[in-house]
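Asker: Position 398, counted from 1, in the sequence shown is what this note's numbering calls 398; the numbers after and before it change by one each time, with no gaps.
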Amino acid sequence: MKQLPDFDLSIVIPLCGRLDEFKRVFSSESNYYERNGIEVVLVINKPNEQQETLDYIRTYPFINWKVVINRQDHPQHNPATDFNAGIRQATKQYVLTMGPVLEFCTDVIYELREKLDSYPEHYAAGQTRYMDKLIPYGSVMAKKEYFEKVGGYSEHYTEWEEENNNICRRLELAGIHRLLFPEIELSLRENSSQQTVSKNKQQARIPNELLSEMLLPVDIKINKSFKITDYDTVIYDWKEHPYAKQQCRDYLSTLKQFDILSDDIFEKSYPLIALIPTYNESERITDCLRSVEKYCDGIILLDDDSTDDTYRIAQSDKLLIKAKKVRTEFNDKQNRNILLDIASFFKAEWFIFIDADERFDDRFVDLREVMKRDDVDTVGVWIANLWNNEKVYRVNIGMSNFIFNQGLWVRWRMFRNQGRMKYIVTNKLHFKSVPYLSKPYISQTLILHYGYLTQKIRKKKYLMYKTEDKNNIINYNEILDINNKYEKVENITVDFFKIDFIL
């Protein structure tokens, strides 16, 4: 299945009293929705469906659900008010509207979203196959601001099909151009017991004057106000994680071992949580935790089945969860994805990956200031590779770093919580330590890396990389170089945090 680092997409689905049919379709297609940056907004208008809906969504803990009850009365055949309620509650940049019983013939979500990246000021639409016919505008995707610009769907009509055409026409009137892709299809399979009125019959029973108004609108914005109303009640929000306590325990039970600080950790909110993978780090894990706990509000640690006592030694008042998995090989991507899975159960604003052989340099930590910026989603930090002793770092080590200055590397480590995320890279090691790269910013935070400190450590790491990296992604011979240049750590100033080279 194709992926994007961050879809940044809210999918709005009105259930229209068809929860059972939605469940039938969704059960075989849930993996389409379990992708980075996708939020699923369900809108229900029947209070008696509330509990059944909540019971169902909790069985999919890695989908970013939002459930809205629309208490506004509206014609049964036109879910426009439900669509509008969902669009208003959407939190992502893009919105896809689709019916509750539509099935994927192609990967509509990816194909429409990927196209819009190349076409600003456009909306994208696929088609719906019903019996032997193709119906245009079966799904519409556009930036949320474009839906807001036209006031959302018209709530004046009783016939749904023409209202879908209507909003597309009004988007075009507003200067949002159409991208229609006939090859991108959804499928509608109605129950044989249901009576479905054909489009021609629908149009035949609509007065000509009204049909003309629907298909050839004059006004761009049909609803003067498009703000959240008293009718829109959010009963579930993925950001609040109301079921996190049990869902997280269920997930952790699939691992070899786990410890939870207390059940209260799922009720609290955290500005910044550190994610730490470990393997045989008994000599360094305590110092790492002492450093991290000064600057982070919580810590989640995953041990890759260490053969020493790293897991037992790892202790901190801020250690929310520590878990141990079964190790079958060195797979950094798998370990970090497990950490991301666990992190998704927490109410956190930001996450940062820290390795057990790293410490913050207390002179240079500006993460809190960076976190206040609305124009930043991913953050780079500077890395100094300590060499032979803790007072000097090696200057002439590139190791395929694309951003560096005076021997300091930049590593992407901190990212804003956008919901459940996964790494989508193909290699199992040596990749950006953030699941997505959006609105990047390089901080003035310095991390001291102890992973090359002694010759013994360097030799061990060299052999490990040569064994695990079959593709030789990096020139590891640099690790064993003896003709090196060094600088004193104490001489590092903020002037060093200027970008000298970007490839």
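Even for Gly, the Cβ is constructed at its ideal location relative to N, Cα and C.
1) For a quick check, are the C-beta atoms of Y450 and L386 less than 7 Å apart?
2) Rounded to whole angstroms, what is the Cα-Cα separation between D230 and E103?
3) Quick check: what's the CA-CA separation for N166 versus K92?
4) What is the DSSP secondary structure of M141, reduced to helix, strand or coil?
5) Could you check the C-alpha separation between Q203 and M141 for me, to the nearest Å?
6) Please report how far the alpha carbon of F404 lies from the alpha carbon of Y146, in whole angstroms.
7) Here's a check: name, in chain order, each residue in its chain whose Cβ is nearer than 6 Å to the Cβ of I116, leaving out the five neighbours to either side.
8) Would you tell me roughly how many angstroms separate the C-alpha atoms of R312 and L301, rounded to the nearest one?
9) N331 lies in the alpha helix (DSSP H); which residues open and close that run?
10) Tell me the rounded alpha-carbon separation between S192 and R129.
11) Give me the residue from I273, K460, S291, S118 with the minimum Cα distance to H177.
12) Which whole-angstrom value describes the C-beta separation of M98 and L171, a residue pair presumed to lie in contact below a C-beta threshold of 8 Å?
13) Are Y436 and V379 close, meaning C-beta to C-beta below 7 Å?
14) Excluding the 5 residues preceding and the 5 following Q194 in the sequence, name in chain order all residues of the same chain whose CB lies nearer than 7 Å to its CB.
15) Could you round the C-beta distance between K422 and L340 to whole angstroms and report it? I think they count as a contact, below 8 Å.
16) From the DSSP output, in three-state form, read off S192 for me.
17) Give a single yes or no on whether T254 has its beta carbon closer than 6 Å to a heavy atom of the ligand NAP.
18) Identify every residue that forms a DSSP beta bridge with P14.
19) Roughly how many angstroms separate the alpha carbons of L320 and M131, rounded to a whole number?
20) According to the neighbour-count rule (16 or more other Cβ atoms, all chains shown, within 10 Å of its Cβ), is K66 buried or exposed?
21) So, using beta-carbon positions, are A244 and F345 closer together than 7 Å?
22) Compute the Euclidean distance between the alpha carbons of A343 and Q247, then round it to the nearest angstrom.
23) What residue range does the beta strand (DSSP E) around G126 cover?
24) Can you tell me whether F26 is buried or exposed, with buried defined as 16 or more other CB within 10 angstroms of its CB?
25) If you drop the 5 nearest sequence neighbours on each side, which residues of the same chain put their C-beta closer than 6 Å to that of K133?
26) If we ignore side chains and look at the alpha-carbon of each, how far apart do C288 and H241 end up?
27) Does the segment 255-272 come into contact with the segment 280-294, if we say contact requires no fewer than three beta-carbon pairs (one atom in each stretch) closer than 8 Å?
28) Where does S27 fall in DSSP's three states?
29) Take F181 and list the residues in its own chain whose beta-carbon comes closer than 6 Å to its own, dropping the five residues that flank it on each side.
30) Have a look at I109, I338, H122 and flag the residue whose alpha-carbon is nearest the alpha-carbon of N31.
31) Tell me whether V326 is buried or exposed, calling it buried when 16 or more other Cβ atoms sit within 10 Å of its Cβ.
32) Threshold first: 3 residues or longer. Then list the beta strand (DSSP E) segments lying entirely within the segment 367-414, N to C.
33) Compute the distance between the beta-carbons of W412 and I383, then report whether it is under 7 Å.
34) If you draw a straight line from the alpha carbon of L15 to that of Y94, how long is it in whole angstroms?
35) Are the beta-carbon atoms of N427 and A348 separated by less than 7 Å?
36) For N165, which of helix, strand or coil comes out of DSSP?
Answerer: Reading from the atomic positions:
1) Yes. Within cutoff.
2) Whole-angstrom Cα-Cα distance: 32 Å.
3) For N166 and K92, the distance between alpha carbons rounds to 24 Å.
4) DSSP places M141 in strand when its eight states are reduced to three.
5) Summary for Q203: the model assigns pLDDT 49, below 50, so the residue's position carries little reliability, and this model does not support an answer.
6) Rounded to whole angstroms, F404 to Y146 spans 40 Å at the Cα level.
7) It is worth fixing the name first, because residue 116 is Leu in this sequence and not Ile. Answer for L116: A124, listed in chain order.
8) Here the C-alpha atom of R312 lies approximately 12 Å from the C-alpha atom of L301.
9) Element bounds for N331: n/a, residue is neither H nor E.
10) A caution first: S192 carries a pLDDT of 34, below 50, which makes its placement in the model too unreliable to give a value.
11) For the options I273, K460, S291, S118, the alpha carbon positioned closest to that of H177 is the one of S118.
12) About 16 Å separates the Cβ atoms of M98 and L171, ruling out a contact at the 8 Å cut-off.
13) Not closer than 7 Å, so no.
14) Legend: pLDDT at Q194 = 46, less than 50; position of this residue unreliable, no value from coordinates given.
15) Your pair K422 and L340 checks out as a contact, with CB atoms roughly 6 Å apart and the cut at 8 Å.
16) Because the pLDDT at S192 is just 34, under 50, the model does not fix this residue reliably, and the point stays unresolved.
17) Within the structure as shown, the ligand NAP is missing, as the structure has no ligands at all.
18) For P14, the beta-bridge partners assigned by DSSP are V43.
19) Roughly 53 Å separates the two Cα atoms.
20) By the Cβ-count criterion, K66 is buried, with 16 or more other Cβ atoms from all chains shown falling within 10 Å of its own Cβ.
21) Yes.
22) Our two residues, A343 and Q247, have alpha carbons roughly 12 Å apart in a direct line.
23) G126 -> beta strand (DSSP E) spans 122-130.
24) The residue in question, F26, is buried, as its Cβ has 16 or more Cβ neighbours within 10 Å.
25) Excluding positions up to five away in sequence, the list is empty.
26) When rounded, the distance between both Cα atoms is 29 Å.
27) Look at the beta carbons and you see the segment 255-272 not touching the segment 280-294: under three pairs across the two are nearer than 8 Å.
28) Judged by DSSP in its simplified three-state form, S27 adopts coil rather than helix or strand.
29) Answer for F181: G126, listed in chain order.
30) Residue I109 is the option with its Cα nearest to N31.
31) By the neighbour-count rule (16 or more Cβ atoms within 10 Å), V326 is not buried but exposed.
32) Listed in chain order, they are 378-387, 389-394, 403-405.
33) W412 places its beta carbon 7 Å or farther from that of I383.
34) Cα to Cα, the separation comes out at about 20 Å.
35) In terms of Cβ geometry, N427 and A348 do not form a close pair [threshold 7 Å].
36) Helix, per DSSP.
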